[in-house]
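Numbers given in the numbering used here equal positions in the sequence shown, counted from 1, plus 515.
For every residue, glycine included, the Cβ atom is placed at its ideal position computed from N, Cα and C.
A quick note: this is a predicted structure, and the numbers were derived from the prediction, not measured.
Right, one structure below, let's go through it.
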Amino acid sequence: MEQRSLGASGLHVSTLGLGTMAWGRDVEWSAARELLGTFVDAGGNLIDTAPAYGGGAAEEMIGKAISAGLPRDHLVIATKAGFVIRDGARVIDTSRSAILRDLEQSLRRLRTDHVDLWQVHAWGDAPIEETLSAIDSAVNRGLVRYAGVSNFVGWQTATAATWQAAVPGRAVLASVQVEYSLLARRAEVEVVGAARHHRMGLIAWSALGRGALTGKYRGGIPRGSRASKDHFAWFLEPYLQPRSKAVVDAVATAAEGLGLTPAQVALLWVRDAPQVASALVGPRTPEQLGELLETTTKELVAPIVSALDDVSGGPNAYRSKGGAASPVGGL
């Protein structure tokens, strides 16, 4: 699998990243172990997780796999801080004490002495300089190799990156992680531009439109799917509305003509979009992962990309400013 530099940093990540949001609920240990092994064997290295995923269960599974022999040196473990589940409620706390506590707990669950990429999971109420000072502390102590932000809008991304670049010795931000797919192109408005200007790689989460772009929901909600489960129905609901139908149908039509699956077409569009360093997916089964791994030797031709751009919101202005993502993350 191809690897790209994460922005201007020296960290290289696989163009496909393995997301773990469903681990601990819809993905049990036996499946997680097989997913990790298959992904690494295919050349993938980016494993994205967070304390909030399964209430820490996702990180624990990764740690268990490492202790069982999964090669730690071959992995880029990306976890987050500042957003956790406490007593069933979602809590955003980006204070210095809170995110350093999150890191300590993540390292324990992951059974490792460092995180390769540590990301602030969301913009919080704490002063951004306080939050970022915790990143500097973690990097200086060797607990974190590279740092980034997640779910920041454009001005928040630029503010954080500018603050870190203002004084020599601060940890320069390597990446911004944001939702990006044919059903969620808001990142192109400001986030992609901010990332490009500050030489940050973009990690695209939910590249398959939270699962809607697989085409499985075109005829309703199948039993056993994410949308059929109470804890994930809210996640899919925004993309199961009539306004999404034209995009989903266009992806399915393109897939039929190309001899691909809708999921593969949707993933290729994201993977090779400008500024994208890695596209995150969250397969729940080895079969789903195998389907996505087949894209490593494929790409979409320009007319198909343009047609999908048009049906999903219009031309991507950044394609004329350097084309698709290069081996250095679109810089």
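Extent of the continuous beta strand (DSSP E) to which residue i belongs
{"i": "Glu-644", "result": "From DSSP, Glu-644 is part of no beta strand (DSSP E) but of the alpha helix (DSSP H) over 643 to 655."}
{"i": "Glu-694", "result": "688 to 694"}
{"i": "Gln-634", "result": "630 to 635"}
{"i": "Gly-532", "result": "531 to 534"}
{"i": "Gly-720", "result": "According to the sequence provided, residue 720 is Trp. The question's Gly does not apply to it. Where Trp-720 is concerned, the enclosing beta strand (DSSP E) stretches over 716 to 720."}
{"i": "Gln-518", "result": "518 to 520"}
Segment limits, alpha helix (DSSP H) that includes residue i
{"i": "Thr-553", "result": "544 to 556"}
{"i": "Glu-574", "result": "572 to 582"}
{"i": "Gly-772", "result": "760 to 773"}
{"i": "Ser-612", "result": "611 to 625"}
Reference residue i, options the options, closest by Cα
{"i": "Arg-685", "options": "Ala-699, Leu-647, Gln-671 and Val-693", "result": "Leu-647"}
{"i": "Val-897", "options": "Thr-677, Leu-590 and Asp-588", "result": "Because the chain here runs from 516 to 846, residue 897 falls outside it and cannot be looked at."}
{"i": "Arg-701", "options": "Ala-710, Val-668 and Ala-675", "result": "Val-668"}
{"i": "Ser-690", "options": "Ala-641, Asp-640 and His-636", "result": "His-636"}
{"i": "Ala-719", "options": "Ala-742, Ile-577, Tyr-695 and Leu-622", "result": "Tyr-695"}
{"i": "Leu-530", "options": "Val-591, Ile-581 and Ala-580", "result": "The sequence as given places Thr at residue 530; Leu does not occur at that position. Comparing Cα-Cα distances from Thr-530 to each of Val-591, Ile-581 and Ala-580, the minimum goes to Val-591."}
{"i": "Ala-537", "options": "Ser-545, Gly-552, Tyr-568 and Asp-556", "result": "Tyr-568"}
{"i": "Val-785", "options": "Leu-807, Thr-800, Thr-768 and Arg-799", "result": "Leu-807"}
{"i": "Ala-817", "options": "Asp-602, Ala-709 and Ala-769", "result": "Ala-769"}
{"i": "Leu-551", "options": "Ile-581, Arg-601 and Pro-642", "result": "Ile-581"}
Residue i to residue j span [Cα, whole Å]
{"i": "His-712", "j": "Ala-832", "result": "15 Å"}
{"i": "Leu-815", "j": "Thr-672", "result": "30 Å"}
{"i": "Leu-852", "j": "Gln-790", "result": "Absent from the structure is residue 852, since the part of the chain shown begins at 516 and ends at 846."}
{"i": "Ser-821", "j": "Leu-533", "result": "27 Å"}
{"i": "Arg-626", "j": "Val-706", "result": "33 Å"}
{"i": "Ala-604", "j": "Glu-645", "result": "24 Å"}
{"i": "Gly-597", "j": "Gly-772", "result": "44 Å"}
{"i": "Val-796", "j": "Leu-823", "result": "19 Å"}
{"i": "Trp-638", "j": "Ile-577", "result": "26 Å"}
{"i": "Ala-748", "j": "Ala-613", "result": "30 Å"}
{"i": "Gln-679", "j": "Thr-594", "result": "20 Å"}
{"i": "Gly-845", "j": "Lys-744", "result": "For Gly-845, the pLDDT reaches just 42, beneath the cut-off of 50, and the residue's location in the model is therefore unreliable, although a value from the coordinates is still provided. If I take the Cα positions, the gap works out to 37 Å."}
{"i": "Ser-721", "j": "Ala-794", "result": "8 Å"}
{"i": "Met-715", "j": "Gln-634", "result": "13 Å"}
{"i": "Ala-546", "j": "Pro-566", "result": "20 Å"}
Supposed contact pair residue j and residue i - C-beta distance, whole angstroms, cut 8 Å
{"i": "Thr-535", "j": "Ala-573", "result": "4 Å"}
{"i": "Leu-804", "j": "Phe-554", "result": "7 Å"}
Residue i CB to nearest heavy atom of the ligand FAD below 7 Å
{"i": "Ala-680", "result": "For the structure depicted, the ligand FAD is absent and the ligand set is empty, with no information on it obtainable."}
Quick check: the stretch 722 to 736 against the stretch 765 to 780, are there 3 or more CB pairs under 8 Å? For the pair of segments examined, the stretch 722 to 736 was found to touch the stretch 765 to 780: the number of CB pairs separated by less than 8 Å reaches three.
If you pair each beta-carbon of the stretch 821 to 829 with each one of the stretch 744 to 756, do three or more pairs fall below 8 Å? These segments do not touch.
Please confirm if the stretch 757 to 774 is in contact with the stretch 557 to 572, defined as three or more CB-CB distances below 8 Å between the two stretches. No contact exists between the stretch 757 to 774 and the stretch 557 to 572.
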